[in-house]
Amino acid sequence: MGRFAIFVSGLLFGSGLAISGMVNPMKVLNFLDPAGAWDPTLIFVMAGGLIVTLLGYRLAFARSRPFAADVFSLPQSRTIDAKLIGGSALFGLGWGLSGLCPGPAIAGLVFGRIESVAFVAAMAAGYVATRMIAASTPRVAAEG
Amino acid sequence: MLATEFAPLAGLIGGILIGLSAAVLMAFNGRVAGASGIFGGLFTLNWGYEFRWRLVFVIGMLAGAAWSGLLFFDSSAMAFSGNLPTIAAAGLLVGAGTCLGSGCTSGHGICGLARLSKRSLAATCTFMAVAIVTVFVTRHMSGV
Chain D
2 MGRFAIFVSG LLFGSGLAIS GMVNPMKVLN FLDPAGAWDP TLIFVMAGGL IVTLLGYRLA
62 FARSRPFAAD VFSLPQSRTI DAKLIGGSAL FGLGWGLSGL CPGPAIAGLV FGRIESVAFV
122 AAMAAGYVAT RMIAASTPRV AAEG
Chain S
3 MLATEFAPLA GLIGGILIGL SAAVLMAFNG RVAGASGIFG GLFTLNWGYE FRWRLVFVIG
63 MLAGAAWSGL LFFDSSAMAF SGNLPTIAAA GLLVGAGTCL GSGCTSGHGI CGLARLSKRS
123 LAATCTFMAV AIVTVFVTRH MSGV
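Protein sequence lines, in the order shown, are assigned to chains D and S.
For the first sequence, my numbering gives the first residue as 2, with consecutive numbering after it.
For the second sequence, my numbering gives the first residue as 3, with consecutive numbering after it.
So, in structure tokens, the structure goes:
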């Protein structure tokens, strides 16, 4: 059951990203451009996603444990530090340059565009290199 | 810059599917549906459970986008901005930034906000603001 639920969750995620048009980077860039060809669709994606997740999490956390796992694995860190803000700023810069963030970029691979492949390959390299550097630097490795 | 059509209904439906995805993954598997962490976890030499559930999720994502592309999303409308080197540089930034910042649009922007996490709120405000400024600079201040 656990593996099937994971597949269904991935299926819903990929479907939602495609149906909402978020896999199209131009649509995301136009959302990020209120001074230009503004397309507010992303607000509706975020709103729909947030409301359903909020309600869904309430139902999920009403149980003492997940249906197909022993525990809820939730992020434990509560500190807002330079790593969180700096990392998010770097992400925002890359997102604003390309209109691509990890979910839509990965889902968009199925449409076979060379730009998607280049982005996802570079994203993997950036992620892995950063993780290796963080692991060898005790000061920033605290959070794992 | 290419105009895209404001599609609130498609956005809302897509958002609801993304929310259902997050709810299913938490209720059954106790996991946060964050694309960057799931993707980053694929790059490991330990192909145990932590690797396999992420792989199943990503396969589901690709399948979801593929079937939606057949019925609901016109992939020929997909438009990228910038040349390949720029897109790859953006991918590097997104990979590094989401690793340092522990999340992206889905992990912080949907799942984290739905858990009322202050860290995720700080991260989401940061990457949104930086992305909007980046788009403003590239589209309206550099004469592109």
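Backbone N, C-alpha and C fix where the C-beta goes; we use that ideal spot for every residue, glycine too.
Where Ser-78 (chain S) is concerned, there is no enclosing alpha helix (DSSP H), because DSSP gives it neither an H nor an E. Against chain D, a Cβ distance below 9 Å from Met-3 (chain S) picks out Met-27, Leu-30, Asn-31, Asp-34, Gly-37, Ala-38.
When C-beta atoms of the region 13-24 of chain S are compared with those of the region 35-53 of chain D, three or more pairs fall below 8 Å, so the two segments count as touching. For the region 61-83 of chain S, the set of residues with a beta-carbon nearer than 8 Å to any beta-carbon of chain D comprises Ile-61, Gly-62, Met-63, Leu-64, Ala-65, Gly-66, Ala-67, Ala-68, Trp-69, Ser-70, Gly-71, Phe-74, Phe-75, Ser-77, Ala-79, Met-80, Ala-81, Phe-82, Ser-83, in chain order. Following the DSSP letters along the chain, one finds Trp-69 (chain S) inside the alpha helix (DSSP H) bounded by residues 51-73. Ala-116 (chain S) and Ala-6 (chain D) have their C-alpha atoms some 20 Å from each other. Against chain D, the CB of Asn-85 (chain S) has no partner CB under 7 Å away; the residue lies outside that interface.
In this structure, Cys-101 (chain S) keeps its C-beta atom at 7 Å or more from the C-beta atom of Thr-42 (chain D). Contact between Val-46 (chain D) and Val-26 (chain S) does not hold, since the beta-carbon distance rounds to 18 Å and is not under 8 Å. Taking a Cβ-Cβ cut-off of 7 Å, Thr-138 (chain D) has no neighbours in chain S, whose nearest Cβ is about 11 Å from it. Its Cα nearest to that of Phe-53 (chain S), the residue D:Arg-4 stands out among D:Arg-4, D:Ile-107, D:Glu-116, D:Leu-110.
Taking a beta-carbon distance threshold of 7 Å, Ser-65 (chain D) does not count as an interface residue toward chain S.
In this structure, the alpha-carbon of Ser-144 (chain S) lies about 20 Å from that of Leu-95 (chain S). C-alpha of Ala-79 (chain S) to C-alpha of Val-135 (chain S): approximately 25 Å in a straight line.
In this structure, Ala-70 (chain D) lies near Asn-31 (chain S), with their beta-carbon atoms less than 7 Å apart. Buried is the label assigned to Met-124 (chain D), since at least 16 other Cβ atoms lie within 10 Å of its Cβ. Lys-120 (chain S) is classed as exposed because its beta carbon has fewer than 16 other beta carbons within 10 Å across all chains shown.
Straight through space, the alpha carbons of Cys-106 (chain S) and Asn-25 (chain D) are spaced by roughly 17 Å. Judged by their CB atoms, Phe-129 (chain S) and Gly-93 (chain D) are nearer to each other than the 7 Å cut-off.
Proximity of the region 84-91 of chain S to the region 28-38 of chain D falls short of the contact definition, fewer than three beta-carbon pairs being nearer than 8 Å. Note on geometry: alpha-carbon atoms of Ser-122 (chain S) and Gly-111 (chain S) lie some 7 Å from one another. The beta-carbon of Leu-19 (chain S) is placed less than 7 Å from the nearest beta-carbon of chain D.
A contact between stretches requires three or more CB pairs, one per stretch, nearer than 8 Å, and the region 100-110 of chain D meets this requirement with the region 10-24 of chain D. Note that the C-beta distance between Ala-37 (chain S) and Ala-61 (chain D) is not below 7 Å. Between Leu-13 (chain D) and Leu-22 (chain S), the gap from beta carbon to beta carbon is short of 7 Å.
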